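Under full-length UniProt numbering, read the sequence shown as residues 1 to 275, first letter to last. What follows is a short report on a single structure.
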Amino acid sequence: MSAPERIPPRSVTTAELLAEGELTVRGRIREASNAVLYCSVSYEGREAFCVYKPVAGERPLWDFPDGTLAQREVAAFEVSEATGWGLVPPTVLRDGPYGEGMCQLWIEASADDEGTDLLALVDGEEPEEGWKAIGFAEVGEGRTALLVHADDPRLRRLAVLDAVINNADRKGGHLLPGGEGRLYGIDHGVTFNAENKLRTLLWGWAGEPLAPEAVGALTSLRDGLAAGAPLATRLAELITPAELDATRARVSALLTSGRHPEPSGEWPAIPWPPV
């Protein structure tokens, strides 16, 4: 009698792990303005660390509907995936120890990325080669310095993503080198507002022509945001109809102009604190 065929264990996807796994709270990230819990998650033999942000821990904001920040984080991930750039760590909406919330894969910066410089304060009026100017900042004792960011294609992709999702809070601390040359953006709760609220450190390409890869990604997004398309259907579950229409309009405007957006001048263009 032959031995029974052995079926290899099923490979658990990251999305399944985050959505279906058992969450165990390990600690709290106290620097955050809302409740941010550091957790482990395990499912069918696979385990990872993650961030869990319960809706119940969100502080009300005057310009965003209450209890919607977690959905916006998931929507930002969905749009990021649709570009093909993978700029946002895997993120799901799920129930957890403190109710429904956002669950996002924890990104641990590798030793290879610890010396990666993305932001700097420099003397002088103009940035050196390889850097883009953001603006002048006070550094104490009546002195100012030029705040710059790297002329890095990964940051340039994030600048395009932020313009699409209308990110009102792209700070330096929201940039995470993830190993193997990857760069992630995190903290996307204040996004997708129907009114223009873009505030970011990544203004270095303002007014410059979009890179060809950005035009291609935006063209794909435009198709994906068409009524009835899978991306549009998914976003309709996470943001309001007016916000979805505004997202479509931002993508169309970027493709029509062919350029990175510029600050409107109607409000501070850089978040505070910037890092």
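Beta carbons: idealized from backbone N, C-alpha and C, even for Gly. Note that the structure is a prediction, hence the values are computed from the model and not measured.
Residue i - partner residues in DSSP beta bridges
i, result
"D95", "E100"
"V148", "A120 and A133"
"P177", "L183"
"P209", "R259"
"T200", "R170"
"L105", "C50"
"E125", "Bridge partners of E125: none, in fact."
"E138", "T144"
Cutoff 6 Å; reference residue i; Cβ partners in own chain excluding five residues on either side
i, result
"Q71", "L238"
"E20", "Y43"
"L218", "V251, L254 and L255"
"G265", "none"
"N56", "With the sequence shown as reference, residue 56 is identified as Ala, and Asn is not the correct amino acid for it. Around A56: Y98 and G99."
"H260", "W205, A206 and E208"
"P271", "D169, K171 and R199"
"F49", "S40 and W106"
"P127", "A133 and V148"
Run of the beta strand (DSSP E) containing residue i, from where it starts to where it stops
i, result
"A246", "Per DSSP, A246 belongs to no beta strand (DSSP E); it is in the alpha helix (DSSP H), P241 to S257."
"A214", "First-last for A214: P212 to G224, but that is the alpha helix (DSSP H), not the beta strand (DSSP E)."
Close-in-space but distant-in-sequence residues of the same chain around residue i (CB under 7 Å, 5 per side omitted)
i, result
"R59", "S33 and N34"
"residue 348", "Nothing in the structure corresponds to residue 348, since the chain is present only between 1 and 275."
"K132", "V148, H149, D151, G204 and W205"
"A236", "L244"
"A82", "S220, L221, G224 and L231"
Residues near residue i by beta carbon distance below 8 Å, same chain, minus five either side
i, result
"T91", "L18, E73, V74, A76, F77, M102, C103, Q104 and L105"
"P121", "Note that residue 121 is Leu in the sequence shown, not Pro. If we look at L121 and ignore the five residues flanking it on each side, its Cβ neighbours are A137, V139, A145, L146, L147 and V148."
"G124", "L146"
"H174", "G185, I186 and D187"
"T240", "P65 and A194"
"G258", "P209, L210 and V215"
Within-8 Å CB hit, residue i to chain C
i, result
"A109", "Absent here is chain C; the protein component of the structure consists of one chain."
Endpoints, alpha helix (DSSP H) assigned at residue i
i, result
"P261", "Element bounds for P261: n/a, residue is neither H nor E."
"P230", "P230 to A236"
"A159", "P153 to I165"
Exercise for review: Would you mind listing the beta strand (DSSP E) stretches within the stretch 13 to 84 that are 3+ residues and don't spill past its ends, in chain order?
Suggested key: 22 to 28, 37 to 43 and 46 to 54
Review point. Is there contact here, the stretch 214 to 232 with the stretch 172 to 192, by at least three beta-carbon pairs under 8 Å?
Key: no
Check your understanding: Are the stretch 158 to 167 and the stretch 131 to 139 in contact at 8 Å, needing three or more beta carbon pairs?
Key -> no
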